[in-house]
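**Q**
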Amino acid sequence: MNTSPSFERSTPQTLLSEHEATGLYRRVGLRVLLLMALTYLMDSLDRLNIGYAQHQISERIHLSLQDYGFIAGIFFAGYVLFEIPAIWLMERTGARRTFARITFLWGLTSASMCFVHTAFEFSVLRFLLGVFEAGFAPACLFYFSLWYPEKRMARVVSLEQSMGPFAGIIAGPLSGFILDKMDYAGGIDGWRWMFFLEGLPSIALAVIIYMTLPESPQEAKWLTNNEKQYLTRHASGNHYISHNGFKDVLTDRRVWFLGLSFLSVISGIYTIGFWLPHIIRQTGVSANLTIGLLSAIPYIFAVPFMLFWSARADKCRRRIPCVLYPLTLSSLTFLAFGFAGSTNTIFAISLITLSTVTLYAAYTVFLAIPSDILKGKGAATGYAIINMMGLMGGFLSPYLISLTEHLTGSIYYGLMQTGVLMCLGALLLYAGNIENTKNT
């Protein structure tokens, strides 16, 4: 019987058993991944809470649906415009300062929304929120690639990104409670309390990041020298360097196929994120807390399924099909809901739950694809380009849906419009043949 210990791929300088390696990555998860996951939780909460307050804000400061669609979407204009500069700044200042700066400024900006009185002031702060959050997502992907091997990336990304739908579970009931129970507390509108109270935790989190987050494995004081070498040698960001700079990224056709496909995914996610409370209200539900509780249902199912689906993608190592199948199903669900045009609450929640579950499954696996094809110094820029193109969907989708509802009197045509866009994104991802081709 062979009783020798088994080892992961390593060298004599970085020799760890499978058991030791598992324990090492568990510690990295607690020290690095958990902190970044909490940061993304607050990021998502500060992005999405406007959807729950939309009705009350519109009544109090007289916003039209088009005003709301523009204000919700203008966040992404700021994000897109400053995405690549933010990544270049990270390369100069480092990950710790970058994440601390981003988190502090978005928390401060979100809390400051409690002071606005006009649509213009709201638009300015939402734009600034996007500017200050710019670079966060690609910086996270690049940062994780310094710690984790390629075979673990999809699961790591899914754990962090599960905080997006988890924020949906929290944001609905929490925001609904504040809107209903704290309305006019101290003579202040409930929606103002919501922005103020939900923005403060990000400011505190920024201090924790600045004090505790290491730049890389080499600077982690809680690792031994052997563990630092092991993590660095096996990290997905340090193998097979193929991109040496910005020019190489711009000429990589796979980056552009992924970016355009990601636009369709993001359009679907923020159609749900910004318009779900409005859709539920149109079915006859009026209480903010009830709307918040019902809005949490799709996300409750989305979190466990996206974790299951990403683990499956890690095992089969074919990420593109694991994006295509759920993305296609989600797009068909959008189309079916739009065609049905039902105002039945149970029917609406059921279809939105199916579309949310499948969409987040596609989203979390999609985010692991860039680390498979982008390596080396230009990788962070490549992540930024893909993310920048995708987030254009977050800018276009809310405004186009508000415009469509204004022109037709129904939000359901806007949902069909999103479904068509997602179908096109799935076709483009399939046509790109990304996993079977090199950069040409």
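Following the working numbering, the numbering of the sequence shown begins with 2 at its first residue and continues without gaps. The beta-carbon is built from N, C-alpha and C at its ideal position, and this holds for glycine as well.
#1: Taking L17 as the reference, give the member of E122, K152 and Q230 with the closest Cα.
#2: Hey, quick one: how far does the alpha helix (DSSP H) through T344 stretch, first residue to last?
#3: Skipping 5 residues on each side, what residues in its chain have a beta carbon closer than 6 angstroms to that of W194?
#4: Using only CA atoms, which one of G433, H118, A138 and W276 lies nearest to Y413?
#5: Identify, in the order they occur along the chain, each residue of the same chain with its Cβ nearer than 6 angstroms to the Cβ of F302, setting aside the five sequence neighbours on each side.
#6: What ranges does the alpha helix (DSSP H) occupy inside the region 76–157, keeping only unbroken runs of at least 4 residues that lie completely in it?
#7: So, using beta-carbon positions, are L449 and E161 closer together than 8 angstroms?
#8: Would you identify the three-state DSSP class for S296, choosing helix, strand or coil?
#9: With DSSP collapsed to three states, give me the class of I412.
#10: Around the C-beta of A288, are 16 or more other C-beta atoms found within 10 angstroms, so that it is buried, or is it exposed?
#11: Indicate the three-state DSSP secondary structure (helix, strand or coil) for S163 in the structure shown.
#12: S331 to E134, Cα distance in whole Å?
#13: So that I know if they touch, is there some Cβ in chain D lying closer than 8 angstroms to that of S124?
#14: Within the continuous alpha helix (DSSP H) that includes G269, where are the two ends?
#15: Taking C-beta to C-beta, are T419 and S296 nearer than 8 angstroms?
#16: I think V250 touches T99, with their Cβ atoms under 8 angstroms apart; what is that distance to the nearest whole Å?
#17: Report the CB separation of R255 from I402 in whole angstroms; it is logged as a contact under 8 angstroms.
#18: Quick check on A54: does DSSP put it in helix, strand or coil?
#19: Whose C-beta lies closer than 6 angstroms to the C-beta of D315 among residues of the same chain, with five residues either side of it excluded?
#20: Would you kindly report the start and end of the unbroken alpha helix (DSSP H) that includes V286?
#21: Given L49, which residues of its chain have a CB within under 8 angstroms of its CB, disregarding the five upstream and five downstream residues?
#22: Is I347 buried or exposed, if buried means 16 or more other CB atoms sit within 10 Å of its CB?
#23: Go through its chain and collect everything with a Cβ distance to C323's Cβ below 6 angstroms, but skip five positions before and after it.
#24: Measuring straight from C-alpha to C-alpha, what distance separates I370 and R61?
#25: In terms of DSSP beta bridges, what is A73 paired with?
#26: Kindly give me the distance between the Cβ atoms of L429 and L261, rounded to whole angstroms, as I take these residues to be in contact under 8 angstroms.
#27: Give a yes or no on contact between the region 185–204 and the region 64–75, applying the rule of three or more CB pairs nearer than 8 angstroms.
#28: Could you round the C-beta distance between S237 and P150 to whole angstroms and report it? I think they count as a contact, below 8 angstroms.
#29: Assign F1 to buried or exposed, taking buried as 16 or more other Cβ atoms, counted over all protein chains shown, within 10 Å of its Cβ.
#30: Among the residues of its own chain, which have a CB less than 7 angstroms from the CB of F306, if the five just before and after it don't count?
**A** So, from the listed chains and residues:
#1: Residue numbering aside, residue 17 sits at position 16 when the sequence shown is read from its first letter. Considering only alpha carbons, the answer is Q230.
#2: Residue numbering aside, residue 344 sits at position 343 when the sequence shown is read from its first letter. From DSSP, T344 is part of no alpha helix (DSSP H); its letter is neither H nor E.
#3: Against the sequence shown, residue 194 aligns to sequence position 193. Cβ within range, chain order: I179 and M183.
#4: To locate residue 413, count along the sequence shown from 1; it is residue 412. Cα-wise, what sits closest to Y413 is W276.
#5: Position 301 of the sequence shown holds residue 302. Around F302: T354 and V358.
#6: 84–94, 96–113, 120–134 and 137–146
#7: With the chain covering 2 to 441 only, the question about residue 449 has no answer from this structure.
#8: One-based indexing of the sequence shown puts residue 296 at position 295. The answer is helix: DSSP assigns S296 an H, G or I state.
#9: To locate residue 412, count along the sequence shown from 1; it is residue 411. I412 falls in the coil class under three-state DSSP.
#10: Along the sequence shown, read from residue 1 onward, the residue named residue 288 stands at position 287. With fewer than 16 other Cβ atoms within 10 Å, it is exposed.
#11: If you number the sequence shown from 1, residue 163 lands on position 162. S163: coil per DSSP, three-state reduction.
#12: By one-based count along the sequence shown, residue 331 stands at place 330. By one-based count along the sequence shown, residue 134 stands at place 133. Taking the straight line from one Cα to the other gives about 27 angstroms.
#13: Of the chains in the structure shown, none is chain D; there is only one protein chain.
#14: Taking the sequence shown and counting its residues from 1, one reaches residue 269 at position 268. Unbroken alpha helix (DSSP H) run through G269: R254 to Q283.
#15: Position 418 of the sequence shown, counted from the first residue, corresponds to residue 419. Position 295 of the sequence shown, counted from the first residue, corresponds to residue 296. Not closer than 8 angstroms, so no.
#16: Taking the sequence shown and counting its residues from 1, the one referred to as residue 250 is at position 249. Taking the sequence shown and counting its residues from 1, the one referred to as residue 99 is at position 98. Wrong, their Cβ atoms sit about 19 angstroms apart, outside the cutoff.
#17: Working through the sequence shown from its first residue, we reach residue 255 at position 254. Working through the sequence shown from its first residue, we reach residue 402 at position 401. Between I402 and R255 the Cβ distance is about 30 angstroms, and since that is not below 8 angstroms, they are no contact.
#18: As a first step, residue 54 is located in the sequence shown; it is residue number 53 there, counting from the start. Here A54 sits in helix by DSSP.
#19: Position 314 of the sequence shown, counted from the start, is the residue given in the question as residue 315. Correct list, in chain order: A155 and R156.
#20: Start at 1 with the first residue of the sequence shown, and residue 286 comes out as number 285. Element bounds for V286: n/a, residue is neither H nor E.
#21: Translated into positions along the sequence shown, residue 49 becomes position 48. Within the same chain, L49 has close Cβ partners A168, G169, A172, G274 and F275.
#22: Numbered from 1 along the sequence shown, position 346 holds the residue referred to as residue 347. When all chains shown are included, I347 counts as exposed.
#23: Along the sequence shown, one-based indexing puts residue 323 at 322. Answer for C323: A314 and V366, listed in chain order.
#24: Counting from one through the sequence shown, the residue named residue 370 turns up at place 369. Counting from one through the sequence shown, the residue named residue 61 turns up at place 60. The alpha-carbon atoms of I370 and R61 are separated by roughly 44 angstroms.
#25: Residue mapping note: residue 73 aligns to position 72 of the sequence shown, counting from 1. Per DSSP, none; premise fails for A73.
#26: Indexing the sequence shown from 1 puts residue 429 at position 428. Indexing the sequence shown from 1 puts residue 261 at position 260. With 8 angstroms as the limit, L429 and L261 qualify as a contact, their Cβ atoms being about 6 angstroms apart.
#27: no
#28: Numbered from 1 along the sequence shown, position 236 holds the residue referred to as residue 237. Numbered from 1 along the sequence shown, position 149 holds the residue referred to as residue 150. The pair is a contact, with the Cβ atoms about 6 angstroms apart (cut-off 8 angstroms).
#29: Because the chain is modelled from 2 through 441, residue 1 falls outside the range shown and cannot be assessed.
#30: Here residue 306 corresponds to residue number 305 of the sequence shown, with the count starting at 1. Within the same chain, F306 has close Cβ partners V358 and A362.
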